[in-house]
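Trainee:
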Amino acid sequence: MLWIQKRLRLPAVRRGFHLITDLLTAELPELEQIEMGTAHFFIQHTSASLTINENADPTVRRDMEEYFNRVAPENAIYFQHTQEGSDDMPAHLKAVLLGSSVTVPITRGELALGTWQGIYLGEHRNHGGRRWVVVTLMGKKSDK
1108 MLWIQKRLRL PAVRRGFHLI TDLLTAELPE LEQIEMGTAH FFIQHTSASL TINENADPTV
1168 RRDMEEYFNR VAPENAIYFQ HTQEGSDDMP AHLKAVLLGS SVTVPITRGE LALGTWQGIY
1228 LGEHRNHGGR RWVVVTLMGK KSDK
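The sequence shown begins at 1108 in the working numbering and counts up one residue at a time.
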């Protein structure tokens, strides 16, 4: 059994949903060593999220941003946590709804995502900055 853990730094991106599958896999050449296993991705922030969804049509990512902005609007009169800006409390709520981690099977050295699936970074702050993701790879080592 092979276990690998890495901490990856993502670039700063604008608020919204960003497809990061290729960014992550580019930093994980160790994937090729795993015949069958699991990749666990965990974001170390409370105002950003990770999720899996449509990887082909960018309007899905824009629609998701629109939807979550309505679910957790800025400047809601009932928010008490406002000292860090009007986008902060909504960012925390979006992160709770979407989650801080995703787990993906590994098959023959590759993430076994579906044809139209990709890993998203949900950046919920206007100026979130660079984000950290801890990746844990585990599985049966390839014979290659």
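We treat Cβ as the ideally placed atom computed from N, Cα and C, and that holds for glycine.
Quick one: any contact between the region 1138-1145 and the region 1190-1208, if contact means 3 or more CB pairs under 8 Å?
Mentor: Verdict: no, contact absent.
Trainee: Between the C-alpha atoms of LYS1232 and ALA1155, what's the straight-line distance to the nearest angstrom?
Mentor: What you label residue 1232 is simply residue 125 of the sequence shown in a count that begins at 1. What you label residue 1155 is simply residue 48 of the sequence shown in a count that begins at 1. Note that residue 1232 is Arg in the sequence shown here, rather than Lys. Roughly 7 Å separates the two Cα atoms.
Trainee: Is the beta carbon of ILE1213 closer than 8 Å to that of THR1145?
Mentor: For the purposes of this step, residue 1145 is taken as residue 38 along the sequence shown, with counting starting at 1. For the purposes of this step, residue 1213 is taken as residue 106 along the sequence shown, with counting starting at 1. Yes; because the gap between Cβ atoms is below 8 Å, this pair is in contact.
Trainee: From which residue to which residue does the beta strand (DSSP E) around ALA1146 run?
Mentor: To locate residue 1146, count along the sequence shown from 1; it is residue 39. ALA1146 -> beta strand (DSSP E) spans 1141-1150.
Trainee: Taking its Cβ as the centre, do 16 or more other Cβ atoms sit within 10 Å of MET1108, making it buried, or is it exposed?
Mentor: Taking the first residue of the sequence shown as 1, we reach residue 1108 at position 1. Label assigned to MET1108: exposed.
Trainee: Determine the burial state of VAL1242: buried for a count of at least 16 other Cβ atoms within 10 Å of its Cβ, exposed for fewer.
Mentor: For the purposes of this step, residue 1242 is taken as residue 135 along the sequence shown, with counting starting at 1. The residue in question, VAL1242, is buried, as its Cβ has 16 or more Cβ neighbours within 10 Å.
Trainee: Could you give the DSSP three-state label for HIS1199: helix, strand or coil?
Mentor: Within the sequence shown, the letter at position 92 stands for residue 1199. Helix, per DSSP.
Trainee: Among all the DSSP beta bridges, which residues are the ones paired with MET1245?
Mentor: The residue given as residue 1245 occupies position 138 in the sequence shown. Partner(s): TRP1110, THR1145.
Trainee: Give the single residue among SER1193, LEU1126, TYR1174 whose Cα lies nearest to the Cα of LEU1204.
Mentor: Mapped onto the sequence shown, residue 1204 falls at position 97. Checked all of SER1193, LEU1126, TYR1174; the closest Cα to LEU1204 is TYR1174.
Trainee: Mapping DSSP to helix, strand and coil, what is ALA1119?
Mentor: Here the question's residue 1119 lines up with position 12 in the sequence shown. The answer is coil: DSSP assigns ALA1119 none of H, G, I, E or B.
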